[in-house]
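Under the numbering used here, the first residue of the sequence shown carries the number -11, and numbering increases by one thereafter. All C-beta atoms in this analysis are idealised placements derived from N, C-alpha and C, irrespective of residue type, glycine included. Structure first, then comments.
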Amino acid sequence: MPSVEKKPRTLYDKVFLDHVVDEKPDGTVLLYIDRHLVHEVTSPQAFEGLEKAGRKVRRPDCTLVTTDHNVPTAPRKNFTNVADFVKEKDSRLQCVTLEENVKKFGLTYFGLGDQNQGIVHVIGPEQGFTLPGTTVVCGDSHTSTHGAFGALAFGIGTSEVEHVLATQCLITKRSKNMRIQVDGKLAPGVSSKDIILHVIGVIGTAGGTGAVIEFCGSAIRSLSMEARMSICNMSIEAGARAGMIAPDQITFDYLKGRPLAPKVDSTEWKKAVNYWSSLRSDQGASYDIDVFVDAKDIAPTVTWGTSPQDVVAVTGVVPSPDDFKDSNKKASCKRALEYMGLTPGMRMEDIELDKIFIGSCTNSRIEDLRVASKIVEGKHIAKNLKRALVVPGSGNVKKQAEREGLDKIFLDAGFEWREAGCSMCLGMNPDILSPRERCASTSNRNFEGRQGALGRTHLMSPAMAAAASLTGKITDVRKLADFGLGQKSSARLDVQPEIADVDTEEELDAVLDSVVQEKASSVSSAPASGGSGFPKFTVLKGIAAPLEKANVDTDAIIPKQFLKTIKRTGLGSALFHPLRYNEDGSPNSDFVLNQEPYTKSKILVVTGPNFGCGSSREHAPWALLDFGIKCIIAPSYADIFFNNTFKNGMLPIAVTDQSALEKIADEAKAGRELSVDLPNQTISAADGTELAKFDVEEFRKHCLVNGLDDIGLTMQLEEQINKFEAKRSLDTPWLDGSGYLKKWRKGPVKLEAAPVPKTNRGEVKTDPVEWHAITTTTAFAMSGATSALGATVHTHETLAASLVDVGIFKDTLLPGFALQSELAVFAYGIGRATDLVSLKDIAFPAGQVVTAWWSAVGRRLYHYGLPLDQVLRMQSRPEKLLLGGVTLWGGYKALQQISALSKRGGKDDPKYNTVKAEEGFWNKSLLTLYLPEALFSTTIALPWTAPFRHQGAVLTGYHPIAQSVAVGLFSFGFSLELLADYQKAHDTKSPDSLWSVFSQPKTLGSTISLLSFPILLYSSDMLAPIELLGPVAYYVFKRYQVGSGTSIEDDVEKAKADVKEAEEGKGEWVKKEAEEAKDEVVKIAKNKSFLAVLAVGLVFGLVEGFLHGPFSQ
């Protein structure tokens, strides 16, 4: 809303001041937020906090939710719900949790079944949710994208997500003003992506720290909205808090007809355009930093290293560490070259590629796809490429591209045409790079491991990526003979308007009344004062770990694969994972936190600048805090990380005096303690010597020292917020919900959610991340909670809690053995009373079925009161296949044993006569027979208990082919066992009988069936290595169990005889064995019974493939 302040102001000043609700004498500001975008990765803990405090979402009409980071971009033709579609367990948990939360809090949500779904920073502008002059936040650092509309848009951490949900405000400080002016005409082949990469190369990734960048100049004004969004998107890569471009006629034309923009030519539209037109920097406005760039100096630009500032013109060469004077930059260059597998002086155009990725919130809009398609039309990708992906930014972009035939152009050229999502930008979903694969990517970050562990990323424009796809190496797009893209213009999308404006006095009254009612409800349901959100921070004494590294990004602090959590705890063992662990997963002894005494560090001393640059993930401070680090000392910080630390009760100290920092670092290197005194703002050595003083904002100091909760403090300003909102509704009514976000609507809309557990707290949900690097002082403990997928909660407790309270021992083996032991004792009791040992042969398969159903279903029914239909719907298809397979396999065996007992007239199986004849058999058999078999049963059951209880899977992505193979293999093995039983009862001597070619076809069939389960688990990222013990244990159990007629001693003697024969016969023995094996294979291949069951397996495998697997697309 227009401000009364008249002195010359920048664009940033105008928007910021128009949203100030309250300002303290120290400059701390309570800023009102107009638009809040929410996604699945940074929101679970925020909603959890709301629920715990009994708070509501203050402005559902100003909140828009989608799922994008974790979602597969595979075709969604057969999509039914998220629980079935998202195969990777941790990703599925975050997506399902989001859907539960949007239902619970009544929010508007674009799910995977909705054409409007897409990357959060694509759908906001596309829907008209993003408007000029607004404040826009999201738990994602690339929220700066929306600044292209003249909005003040920036990323926030999870604690701030919760703050905005609860209060629609944020506590913040004013940023510096920075202007980057780009004048002149761009050369052919040079795009907005080249502009921003060039700018970052000029100012560095810390160049905009503490500032909001305004991009201006004739080159910027000539750009389309899509191109402007690409520039503002990467403002964060320049270290800035946000990036902004003044709105103009290009902006207004883009917004016309958007679903959530004011109705064109209405009173609101005219009033809005009048206000929007005032959003340009005044003549004479002052900037703290000015950067001027001549457009003619910008060439098609690519990155060579592991930071967005590591750029060079495509015609250039890879630099050498000697090209840099600064020691930090020399070291960074050396590490980057090693990681990227490049040598100094190498021509960029000689670098060969493995994959091409066109997508991300930077470059996945319709204009980007049009540019790339024009280059590849009529051509084909290079043969050396393993994969080329085009991932539209939203369902609407995808549909528009398909209407224009762009999908066919890409498919004919050899590209994959995918569904909307973040995809390969950050490797949190199945689209990832394999180790040391090299990718030409239109995304925004090239950090180590960003697109996949040990993956190598080269950032570039869509035009450059398209050119690279044709040659298989980095290529100057200007060298293509038919290159000529012409002038960009704003692309139109066929997104249908859904307008519902405030056009009458009655509707305006309804809006204002709803404000009062909601605020009254908010006041009554939420605490009015700040509580102790975290422990008070006064004086911190402890070991300080030295880290001599600059530009430590959040991907290095906590890699993306560990973000799939709905909890704030449990991340300590993943802290600095790329640096702390070797490629094989073993600890890197050279890294400081793996050395004594630094394994117990409470303070981190970083000698290089710009610590915490990169994404907005609050997981970075959570990981530091979980490790035990409560204070970081560094020359400078990235803004979002800096804010996030305070939100978690941590203290980031900026020491800009190099000599003071060196003294502090020397103490850390010596392994001595430091003392950080926050009240007196000093850092001292262990002997009391003062090493440095430091500054901290008074408000933040007050909150830390008193352990105060930001949300509670903001709630104290309820009256000011109400007054601000009432004036906002009168001055800028288009900012109150319209269309499907209309403020007085009831309940969520556009919601297609899968059923999920009833609570978002620890009672039902869990952290899906299972850490393997457990120290001797930490054990994972469990109070009985499970996740939506049945996985046990693991939280850090001391070793005193329980020596066996660790990982799979607690969550799977111990409860499994307890259940099997109970069945064994029951079978023993009944067997002793009836003198029937064979009753245990019924209990064994029945126990497997019971164990599987209890692990997958029973625990949730019994412990958490969930309805059966909901629990069953929560199962993914692989989980249902697993449960169904175990039930068939175990149920058949139990019925078979019951039938055999009946045929014997209730008498025992003769195979047990010998053992029963032993003196005192029943007195000792519980310990010598029943309980040992219960232990075997527990191990055999691992493939169908661990997936529902233990989170130790090796994540390799979804493999639909493996799922089809598993179904076929189970069908083959189960059919083999069924037919063997039938033939045993009728005619085992027939030449076509399975018994004529196999000595134990029943055991073989069962073993094959059991082998299918690990393959099924592998297909859907549920396979933990320990589960492979199941089939092995079954084979050993069946071969040597009491009454089998086989003993270990017999097999050892036979092996010795074979060895002796081999030594005596030498080459003749090998020849003889080979001939016998060949004869056996031929005999089996000609056996009609074997061919029949093999055909059954093939048919079922193909049916699965066509209905649900790789052939269903």
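Decide if residue i is buried, meaning its Cβ has at least 16 other Cβ atoms within 10 Å, or exposed.
i     : result
V490  : With a pLDDT of 37 at V490, under the threshold of 50, the modelled position of this residue cannot be trusted, and the question is left open.
T677  : exposed
T294  : buried
F1094 : exposed
R391  : exposed
P866  : buried
Q271  : exposed
V1087 : exposed
N432  : buried
F280  : exposed
K635  : buried
S577  : exposed
V229  : The identity of residue 229 in the sequence shown is Arg, whereas the question assumes Val. Per the 10 Å Cβ criterion, buried.
R335  : exposed
A401  : buried
Which residues mark the beginning and the end of the alpha helix (DSSP H) in which residue i is found?
i    : result
K715 : 706 to 719
Y880 : 865 to 891
C427 : Taken as a continuous stretch (DSSP letters only), C427 belongs to no alpha helix (DSSP H), being part of the beta strand (DSSP E) at 426 to 429.
C321 : 315 to 328
H690 : 686 to 694
Do residue j and residue i come within 8 Å of each other at the CB atom, strictly closer than that value?
i     : j     : result
I233  : G138  : yes
H24   : T51   : yes
G196  : G245  : no
P296  : D182  : no
S269  : T(-2) : yes
I830  : A905  : no
I671  : I652  : yes
L19   : V9    : yes
T976  : T839  : no
V29   : L551  : yes
S1008 : S864  : yes
S212  : I184  : no
P640  : T633  : yes
V26   : G135  : no
Using CA atoms only, rank isn't needed, just tell me which of the options is closest to residue i.
i     : options                : result
V985  : A929, K1026, E1068     : E1068
Q646  : A608, L639, G596, G879 : G596
Y0    : E407, A273, N668       : A273
K(-6) : S266, R80, D14, A228   : S266
S206  : Q169, G195, P833       : Q169
L581  : R568, G573, F312       : R568
G347  : D724, Y850, H109       : H109
K899  : A973, L824, M222, E907 : L824
I344  : G366, A370, R335, L325 : A370
L811  : L802, K828, T822       : K828
A71   : C83, L849, R229        : C83
Pop quiz: residue i and residue j are said to be a contact at Cβ under 8 Å. What is the actual Cβ separation, rounded to whole angstroms?
i     : j    : result
L394  : S361 : 5 Å
V364  : E337 : Not quite, the Cβ-Cβ distance comes to about 18 Å (not below 8 Å), so this is no contact.
V125  : T131 : 6 Å
V1081 : F960 : 6 Å
T702  : I159 : 7 Å
E425  : R438 : Contact doesn't hold; Cβ gap of about 12 Å is too wide.
Q105  : G112 : Wrong, their Cβ atoms sit about 13 Å apart, outside the cutoff.
For the ligand PLP, I want to know if residue i counts as a neighbour, meaning its beta carbon is within less than 7 Å of at least one of the ligand's heavy atoms.
i    : result
G872 : Absent from the structure shown: the ligand PLP. Ligands present: none.
Under DSSP, the beta strand (DSSP E) around residue i begins and ends at which residues?
i     : result
E1015 : Element bounds for E1015: n/a, residue is neither H nor E.
F986  : F986 -> no beta strand (DSSP E), and no H or E assigned at all.
E289  : Residue identity check: residue 289 is Thr in the sequence provided, not Glu. Start and end: 289 to 291.
P640  : 639 to 642
G143  : 140 to 143
Q169  : 164 to 171
Please decide whether residue i counts as near chain B, where near means a Cβ-Cβ distance under 8 Å.
i    : result
E685 : Checking the listed chains, one finds no chain B in this structure; it contains a single protein chain.
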